[in-house]
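Residue numbers (our numbering), protein chains in the order written: chain A, 1 to 110; chain B, 111 to 524.
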């Protein structure tokens, strides 16, 4: 059972109160984009074995969206942060690096 | 390879069972193979088997990072059916189901295929309409299924409560030729037949890198050294994304945990398979007497081979309403497997951006039933470059928008 913190309303609760909605920080491509860009935006996923940034919604709570950094290998939750950002904040990156010294944000971005 | 038969059993009984040989050789990798298959689960072994049997390609290695059939092949609920809505799915799943019928004879290995019949329960009006539509589609596809009434459901499965308050049974989609098989035996039988054809089944050999020159695959790097190959088949279910990352491309796949559990063994109580997709639960009784229960997937990416407790709770809570007698059973074991789910809930059997690499993945929550058909089709794809069974399942369907949409039809649970 994951324990997740909602940065919107400040509640920390078990995962049953929340719902996961897949990879975070997808760059949206719409009209005018190439087929490859559109396919990549709609379907292609990093699906990493390790650190994963994802969108969650506080479904049975405040109802708002936010982001969570989590490890798919150990189910460790590194932290949650606002959905109003294109990249994970420095504070979250430091938390991850503290637990996963080998992991780098630059490799993740590529 | 010595043939298994009643005479062999009698002969060995006379000499204290000293004459049995290993079912497959414990092979070590050679420097080069024509074809390397990554993943010695059901799908990988079946691919290798049909490469040898149908196309005479036997210079093949099957690499497995753990032990043979230790992934999803040994973690499913062993249900076999082919009542899919879309034509390409019905074609490959029906091919697969029909291969299961003769598999024990073909492999000379008892896979305990039991065509006991599968009901998919309709518990909402939407499901009634959906399954009637599927029954009509199946009639056109030549897959024998029928829509049955609640009374017939009760007759087939007397332990079911068909007038529950929340989930009344409104009918069902019945496939009499569906059933179950022993999942380990499927992997073992294929491994034995592959080894007999001269293929190398190499366990505890994890692929750590994929070598390529000018966009063409040349081999793999493994924990047992470098191995060269002309063609590479990636058949690794939940870890497909991880391998694709090594090869330098991305997949429209996300890996999630799917759980199952078994009860203590009881006397025979049901002799069919029941799937209840509304409540995300499915149930059958194993030959040992355990009630085998499958649930839904977790909602988030996961590689841990274990799932959330609350999903078990939801599955069991819903099932005991339809099967009240389950409520007094103790659950013995619970486990999870990592399934590879695609956007349209249909598999990917395809060439990839790297020449010489083929992939077979995305079977999601229902791969066991597809093992022989998937292997048959994948072998044809790897040997000839295309197969009528795989043409619709290419990676390009995500660019072209030609989805094989089973998530609406039947893809919720398997």
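No residue lacks a Cβ here, since even glycine has one placed at the ideal position from N, Cα and C.
Check                                                                                                                         : Outcome
Members of the segment 336 to 359 of chain B near chain D, C-beta cut-off 7 Å                                                 : Considering every chain present, this structure includes no chain D. Its protein chains are A and B.
Residue 404 (chain B) versus residue 460 (chain B): straight-line alpha-carbon distance, rounded                              : 29 Å
For residue 219 (chain B), the residue or residues it bridges with in DSSP                                                    : Answer by DSSP bridge pairing: none, since residue 219 (chain B) is not bridged.
CA nearest to the CA of residue 295 (chain B), picked from B:175, B:265, B:491 and B:482                                      : B:482
Straight-line Cα distance separating residue 386 (chain B) from residue 50 (chain A)                                          : 33 Å
Residue 463 (chain B) to residue 325 (chain B) span [Cα, whole Å]                                                             : 8 Å
Residue ranges of each alpha helix (DSSP H) within the segment 178 to 203 of chain B, 4 or longer                             : none
Pairwise C-alpha distance: residue 269 (chain B) and residue 379 (chain B)                                                    : 7 Å
The segment 412 to 426 of chain B: positions lying closer than 8 Å to chain A by Cβ                                           : 412, 413, 414, 418, 419 and 420
Cβ contact (3+ pairs, closer than 8 Å) linking the segment 165 to 185 of chain B and the segment 145 to 152 of chain B        : yes
Touch test, the segment 231 to 240 of chain B against the segment 400 to 415 of chain B, Cβ-Cβ under 8 Å, three pairs minimum : no
Where residue 426 (chain B) falls: helix, strand or coil (DSSP)                                                               : helix
Neighbouring residues, chain B, relative to residue 16 (chain A) (Cβ below 9 Å)                                               : 418 and 420
Exposure of residue 434 (chain B), with buried meaning 16 or more beta-carbon neighbours within 10 Å                          : exposed
Own chain residues within Cβ distance below 7 Å of residue 96 (chain A), not counting five before or after                    : 51, 69, 78 and 103
Assigned exposure category for residue 9 (chain A) - 16 Cβ within 10 Å defines buried                                         : exposed
Coarse secondary structure for residue 509 (chain B), derived from DSSP in three states                                       : helix
First through last residue of the beta strand (DSSP E) which encompasses residue 468 (chain B)                                : 467 to 471
Rounded separation between residue 457 (chain B) and residue 484 (chain B) - CA only                                          : 9 Å
DSSP state of residue 76 (chain A) mapped onto helix, strand, coil                                                            : coil
Within chain B, the residues that residue 26 (chain A) reaches when beta carbons sit closer than 9 Å                          : In chain order: nothing, as chain B lies at least about 12 Å away.
Positions along the segment 31 to 43 of chain A whose CB lies within less than 9 Å of some CB in chain B                      : 35, 36, 38, 39, 40, 42 and 43
Selection from B:321, B:473, B:313 and B:279 that minimises the alpha carbon distance to residue 384 (chain B)                : B:279
Length-filtered (3 minimum) beta strand (DSSP E) runs lying within the segment 316 to 357 of chain B                          : 317 to 323, 326 to 332 and 335 to 344
Endpoints, the beta strand (DSSP E) within which residue 482 (chain B) is located                                             : Here residue 482 (chain B) belongs to no beta strand (DSSP E); instead the alpha helix (DSSP H) covers 481 to 494.
Three-state secondary structure assigned by DSSP to residue 257 (chain B)                                                     : strand
Among B:257, B:412, B:310 and B:117, the one whose alpha carbon lies nearest that of residue 228 (chain B)                    : B:257
Alpha-carbon to alpha-carbon, residue 340 (chain B) and residue 1 (chain A)                                                   : 45 Å
Residue environment, residue 119 (chain B), which counts as buried when at least 16 other CB atoms sit within 10 Å            : exposed
Coil, strand or helix - residue 170 (chain B) by DSSP                                                                         : strand
CB of residue 17 (chain A) within 8 Å of CB of residue 3 (chain A), strictly                                                  : no
Span of the beta strand (DSSP E) around residue 433 (chain B)                                                                 : Residue 433 (chain B) -> no beta strand (DSSP E), and no H or E assigned at all.
Own chain residues within Cβ distance below 7 Å of residue 46 (chain A), not counting five before or after                    : 23
Residue from B:250, B:289 and B:230 whose Cα sits closest to the Cα of residue 260 (chain B)                                  : B:230
Touch test, the segment 421 to 441 of chain B against the segment 208 to 225 of chain B, Cβ-Cβ under 8 Å, three pairs minimum : no
Any chain B beta carbon closer than 8 Å to residue 45 (chain A)                                                               : yes
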